[in-house]
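Here's the structure we're looking at; comments come further down.
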Amino acid sequence: MPANRRFRPALLPGIAALLAIALTVSLGNWQTRRAEEKLALGRNLDDAARRVQLALPPSLVDAQDYEFSRISARGEYSARHTVLLDNKVLRGTPGYQVLTPLKLAGGEHYVLVNRGWIAAGTRRDVLPQVPTPAGTTTVEGIAIVPSGHIFELDTKTEEAIVWQNLVLARYAKWSGLKLQPVVLQQTSDAADGLVRAWTRPDTGADKHRGYAFQWYSLASTILIAYVAFSFKRAA
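Residue numbers (this note's numbering): 1144 to 1378.
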């Protein structure tokens, strides 16, 4: 820096720079936490996969005792309570995830089974026909605990078969069924034409790390620019 320049920071630009740096660092920290959360979910899933498969009992269970565990459930499907989760894209093709409740043998409770993905077809007003296994069947998969709170602009899906999001409490109210607090993400084979290619919960951790790096870089750029412009020619 030339000898005839002095560091003379201005108050208002300094406050603005400080606020901008605080904001960008905060956003970077948030993205870092999101990456760590996804990695932790992946580790939990790996740990649960090494455990012995659990049989889901007909009585009500504690969701935390089963989350990410390999489970099996035996019972009969209630096809008339099937719903389709919309906007599920697989390899670039739009479609739905098919959810059907399974009444657990020996009790009154149901477990909602995410049976897999089906393409939407060319006409969105014509829903795909999904065959449902009849009689008593055994389903195997992973126990997932869906979020209890989802931001939505529209909640009309409660009145139709096509839903935008799944909230178990809302589904229980809509269906009138006694539900287990987990969703069985099916991995076992079934002759229903559905695709069961599930995305791991840690997918996207690198994306969040990239976003964090961008926010931290922007914070550094603001700091460097502020310092550089604060050096002014001496009077």
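Each residue gets a CB set at the ideal place from its N, CA and C atoms; glycine is no exception.
Between the stretch 1258-1277 and the stretch 1306-1320, the count of Cβ pairs shorter than 8 Å is below three; the stretches do not touch.
Burial is judged here by how many other beta carbons sit within 10 angstroms of a residue's own beta carbon; PRO1324 has at least 16 and is buried. In this structure VAL1282 is not in contact with LEU1320, their Cβ atoms being roughly 16 Å apart against a cut-off of 8 Å. Unbroken beta strand (DSSP E) runs of no fewer than 3 residues, entirely contained in the stretch 1295-1337, are found at 1322-1329, following chain order. Using a 10 angstroms sphere on the CB of GLY1336, the tally of other CB atoms stays under 16, which defines it as exposed. When C-alpha distances from ARG1234 are compared across VAL1338, GLY1347, ALA1368, GLY1353, the shortest belongs to VAL1338. About 55 Å separates the beta carbons of THR1167 and GLU1219, which is beyond the 8 Å limit, so they are not a contact pair. Straight-line measurement puts the Cα of LEU1162 at about 59 Å from the Cα of ALA1248. For SER1215, the uninterrupted beta strand (DSSP E) run begins and ends at 1213-1220, by DSSP. If you draw a 10 Å sphere on the C-beta of LYS1181, you find 16 or more other C-beta atoms in it, and that means buried. In the three-state reduction of the DSSP assignment, ASN1257 falls in the strand class. Across the set TYR1369, LEU1170, TRP1341, the C-alpha of TYR1369 shows the shortest separation from the C-alpha of PRO1156. In the DSSP annotation of this structure, the continuous segment of the beta strand (DSSP E) that includes THR1280 starts and ends at 1279-1287. In this structure, DSSP gives ASN1230 an extended state, which the three-state scheme calls strand. The three-state secondary structure of VAL1241, taken from DSSP, is strand. With 16 or more other CB atoms across the displayed protein chains lying within 10 angstroms of its CB, THR1243 is buried.
In this structure, the straight-line span from the alpha carbon of ARG1343 to that of ILE1365 is close to 36 Å. Per DSSP, the continuous beta strand (DSSP E) segment holding ARG1376 begins and ends at 1374-1376.
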